[in-house]
Structures are given as C-alpha cells and as structure tokens.
Amino acid sequence: MLLVKINCQCEIGESVSPLRYNLQRISLQWEISFKKLTKSVVYYYFFVLILLLLFSFCNDYALHGPVFIQEPGHVMFPLNSEEKKVKLNCEVKGNPKPHIRWKLNGTDVDIGVDFRYSVVEGSLLINNPNKTQDTGTYQCIATNSFGTIVSREAKLQFAYLENFKTRTRSTVSVRQGQGMVLLCGPPAHSGELSYAWIFNEYPSYQDNRRFVSQETGNLYIAKVEKSDVGNYTCVVTNTVTNHKVLGPPTPLILRNDELLEGTKIQEHKNSRIITDTSSCQQLCLLLSF
1 MLLVKINCQC EIGESVSPLR YNLQRISLQW EISFKKLTKS VVYYYFFVLI LLLLFSFCND
61 YALHGPVFIQ EPGHVMFPLN SEEKKVKLNC EVKGNPKPHI RWKLNGTDVD IGVDFRYSVV
121 EGSLLINNPN KTQDTGTYQC IATNSFGTIV SREAKLQFAY LENFKTRTRS TVSVRQGQGM
181 VLLCGPPAHS GELSYAWIFN EYPSYQDNRR FVSQETGNLY IAKVEKSDVG NYTCVVTNTV
241 TNHKVLGPPT PLILRNDELL EGTKIQEHKN SRIITDTSSC QQLCLLLSF
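Per UniProt numbering, numbering through the sequence shown is continuous, rising by one, with the last residue being 289.
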C-alpha cells in the first residue's frame, strides 16, 4: 500500500506596500512513506509468478494431440472473379507438429498431382478454380503421433448467373380492375438473387398496387388500370457477383370482354405455398382477394 502525504506551508511577511509583500519563506514538504511489506507477501507473489511462467511454458511445449484453432467455413466464390484463387482456412496446433491433408467429397486431395492445389500453413489454396472440378464438400484432417482430428464440412460453391433462355414471352391480357401476376422465372444460377422490374424502359417502383417478391421475382399488380398497359421486363441480379441479366419483355394489354363471373385465381404449374405470413397478407392485399 502506497501512502503519500503532502504538506504545503506558506508564510507571508508584513506588508511593505498595499501591492507588495515581503515573502519571507515558502516551503513545500513532501513526505512519501511506504507501508512495509512483509517477507511472506513478497515470497507469495514471487511463487505465484513462477507458477504462471511454468504453466505457460508447459502449455506451449507439452506433447499433445492436434487441436483446431480455426476450422474451414463455407465459401461462395464468384465465377467471374479477377482474383482466380480460393482459400479454405484451417489452423491446427499440436506437439509434435500435425500433418495436414484435405478431402474433397470424401476423397483425398492429391497435392502432388494437381498443381492447382497447395497447402500453406494448413490452409488449402486453389489456383484457377474450376466450377466442375472444385465444387463440393471439403474437410481438413490433422494427424500426429497422438491422434487424428477431422474438421467440420465446408462447402465450396461458385456464384454465377446465366442469361435467360427465351427471347420472347406471350402477351398477358387482363380485365381492368382485376389483379394479376407477371412471372419472372430466373435463369440458372448459384448465389442469392435480387429482383426488379422495368416498365416501358423505366424502373417499375413498388407502391400500394405493385409488389415484387424477392423470393420468386414475380410482379404483383392490384386493380389493373389503363396506365399499366405496356411491356414489363424482369431484372435479375446476383448479389454475390453483381452480375445482372434482363429477361424478355412481357406485353400487358386490357381485355374488352365483360366479366360475367366472380374473379378467379389461375393456378400455375410453378405455383408455391407461401409460408411467410407477412408476405401472404401483402400479396392478398395487392390482389384484392
């Protein structure tokens, strides 16, 4: 325990003039005293310090089996990436130093045969990755004289977005005041997608009558008006690669025949059950069911 005691003494002599004083003595006294530490306390802390040092030393250099510091995780690699290199992380400690090998879909990755593969400090590097050859499930395996450990599975996937196969779409006709759905039908892809629509070469914004599903890409329009007539184009974007493709335009026209029966809902082959309550409520509101 540190005890600091400060005494400050200041004596001022008689006044010589109203604005001048004769300073006879100004003294500052500092007294610092330490509470005496007994030898037993010193010895105790010294002993604890020695134990901590020994524990740290033994923990670093003791013989033990391999232990994962970092296991590989899932990787979504953009197919159009300029980097042209994929890294699957794996970090292991052990004494003796563990030997690291990798498996792809249950088969050992032969580093010596395929020059594209290399293991750097346990991590697997793949140069010029190929979607056909390298897509799959990877595992890191570490072995020393005390045993073997196998990492969790890590999937390597390639993000891509192909072009739409069809160039034209059939005209959609709807009666004024009815609700309708324009199907997007995204092309083959891997990776998360986002959707938008273009109406007559201008972006179609969502409002109280229009809704774009980010699950299917379909455009829902409630109570169709004459101003809705025109060409609609679905825009699909891969959020991983930022690659964007435009679908073929879908013409929308109004039907002139009168509606004799109540509004009917047409069921498409690719229709799906909506499990999200909020989405269901919004779609029902838009289509005025």
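Even glycine gets a Cβ: it sits at the ideal position worked out from N, Cα and C.
| Check | Outcome |
| --- | --- |
| Buried versus exposed call for Q70 [16 or more other C-beta atoms within 10 Å across all chains shown] | exposed |
| Residue span of the beta strand (DSSP E) that contains Q70, given as start and end | 64-70 |
| Span of the alpha helix (DSSP H), counted from its first residue to its last, around T132 | 131-134 |
| Same chain, Cβ closer than 8 Å to N144, neighbours up to 5 away in sequence not counted | G65, P66, G94, N95, P96, K97, P98, H99 |
| Closest Cα partner of E215 within the set N242, D228, G230, L183 | L183 |
| A188 in three-state terms, based on DSSP | coil |
| Delimiting residues of the beta strand (DSSP E) encompassing Q157 | 154-161 |
| Under the three-state DSSP convention, the category V224 falls into | coil |
| Rounded C-alpha distance that separates V48 from V41 | 11 Å |
| DSSP beta-bridge partners of Q139 | K103 |
| At least 3 beta-carbon pairs within less than 8 Å: the segment 161-177 vs the segment 81-93 | no |
| Start and end residues, beta strand (DSSP E) containing R255 | 250-255 |
| Those residues which DSSP pairs with D108 across a bridge | K103 |
| Separation of E91 from L124, as counted between CA atoms | 10 Å |
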